[in-house]
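Some notes on the structure that comes next.
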Amino acid sequence: AQKITQTQPGMFVQEKEAVTLDCTYDTSDPSYGLFWYKQPSSGEMIFLIYQGSYDQQNATEGRYSLNFQKARKSANLVISASQLGDSAMYFCAMSLNYGGSQGNLIFGKGTKLSVKP
Amino acid sequence: GAGVSQTPSNKVTEKGKYVELRCDPISGHTALYWYRQSLGQGPEFLIYFQGTGAADDSGLPNDRFFAVRPEGSVSTLKIQRTERGDSAVYLCASSQGSNQPQHFGDGTRLSIL
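In order, the protein sequence lines correspond to chains R and P. This note's numbering applies: residue 1 is where the first sequence begins, and numbers increase by one. This note's numbering applies: residue 1 is where the second sequence begins, and numbers increase by one.
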């Protein structure tokens, strides 16, 4: 069965430092996508970054980068130069490709990141 | 608006009542998804539409839950004979298609008394 595991319920980071949020996944399908979403206390889910299973390079989007290690089935999110506004819940998610169409996302339980001034 | 719109933002009703939750996706997005998020958990998939048809409804918990998307745009999630365990935030998302990021609405917070 497909599964996303986030082992860090909560993390603290000092403002301006980098932080890594862990994510491991389990699937036997060769084609899948990995996503990270941010959910502030206001509740909206904000898309951050995407990595396809066949992508050769790690994805980057501004201060966000995804450390994709396919053999280890890990897709850790790295946030550089943390800001106070980065304090939020972060969810790792996986989608499976069914005949080229994206299916549902499977989410982990999330990691609560707190940035200290 | 530019984003996914969900109405109402909050809904409080009594056990046993019928509720409808509406989702207006981003214009041009063919794929639409419903998720349910309980407190302290990640969202859980309910149903996925590609156009007007439900491509995957395997996440619907039971036959009290039903969703439609008659014209391939707006979708309505319908819950019959509500139970206290149905209380959660119901999230809707849309995407352009194959393996594209899903963009979420702000959700409907449903409380069953």
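Every residue, glycine too, gets a C-beta built ideally from N, C-alpha and C.
Taken through DSSP and simplified to helix, strand or coil, Arg36 (chain P) comes out as strand.
Contact between Gln6 (chain R) and Leu96 (chain R) does not hold, since their C-beta atoms are separated by about 18 angstroms, which reaches or exceeds 8 angstroms. Using a CB distance below 8 angstroms, the part of the stretch 92-103 of chain P facing chain R consists of Ala93, Ser95, Gly97, Ser98, Asn99, Gln100, Pro101, Gln102, His103, ordered along the chain. Here the stretch 77-84 of chain R makes contact with the stretch 10-17 of chain R; the two share three or more CB pairs at distances below 8 angstroms.
Here Arg109 (chain P) has Asn10, Val89 as same chain residues with Cβ atoms under 6 angstroms from its own Cβ, once five neighbours each way along the sequence are excluded.
Just so you know, the alpha carbons of Val4 (chain P) and Trp34 (chain P) end up roughly 12 angstroms apart. Its chain contains Gly33 as the residues whose beta carbon lies nearer than 6 angstroms to that of Gly52 (chain R), once the 5 sequence neighbours on both sides are disregarded; these appear in chain order. Interface with chain P (9 angstroms Cβ-Cβ cutoff): Ser42 (chain R) is included. Rounded to whole angstroms, the separation of the alpha carbons of Thr24 (chain R) and Lys73 (chain R) is 6 angstroms. Residues of chain R whose Cβ lies closer than 7 angstroms to the Cβ of Tyr33 (chain P) are, in chain order, Asn104.
A Cβ-Cβ separation of about 16 angstroms leaves Thr82 (chain P) out of contact with Arg22 (chain P) under the 8 angstroms criterion.
The beta carbon of Asp106 (chain P) sits closer than 7 angstroms to those of Gln6, Ser9, all from its chain and outside the five residues before and after it, given in chain order. Shortest Cα-Cα distance from Arg36 (chain P) to any of R:Ser65, R:Phe68, R:Ala71, R:Met45 involves R:Met45. For Met11 (chain R), the enclosing beta strand (DSSP E) covers residues 10-14. Under the Cβ criterion of 9 angstroms, Tyr90 (chain P) is not counted among the residues facing chain R.
Relative to the Cα of Trp36 (chain R), the nearest Cα in the group R:Ala88, R:Pro30, R:Lys116 belongs to R:Ala88. Contact annotation for Pro43 (chain P) against chain R: Phe107 [CB-CB distance below 7 angstroms, chain order]. Closer than 9 angstroms at the C-beta level to chain R, one finds these residues of the stretch 59-81 of chain P: Gly59. Under the rule that a run must span 3 or more residues, the beta strand (DSSP E) segments found entirely inside the stretch 7-92 of chain P read 10-13, 19-24, 31-37, 44-50, 53-56, 65-68, 75-79. Closest option to Cys92 (chain P), judged by alpha-carbon separation, among P:Phe45, P:Glu71, P:Asp86, P:Leu113: P:Phe45.
Contact note: Gly107 (chain P) reaches chain R through Gly43, Glu44, Met45, using a C-beta cutoff of 9 angstroms and chain order. Using a Cβ distance threshold of 9 angstroms, Pro101 (chain P) and Phe68 (chain R) do not count as a contacting pair. Rounded to the nearest whole angstrom, the CA to CA distance from Ser95 (chain P) to Ala31 (chain P) is 5 angstroms.
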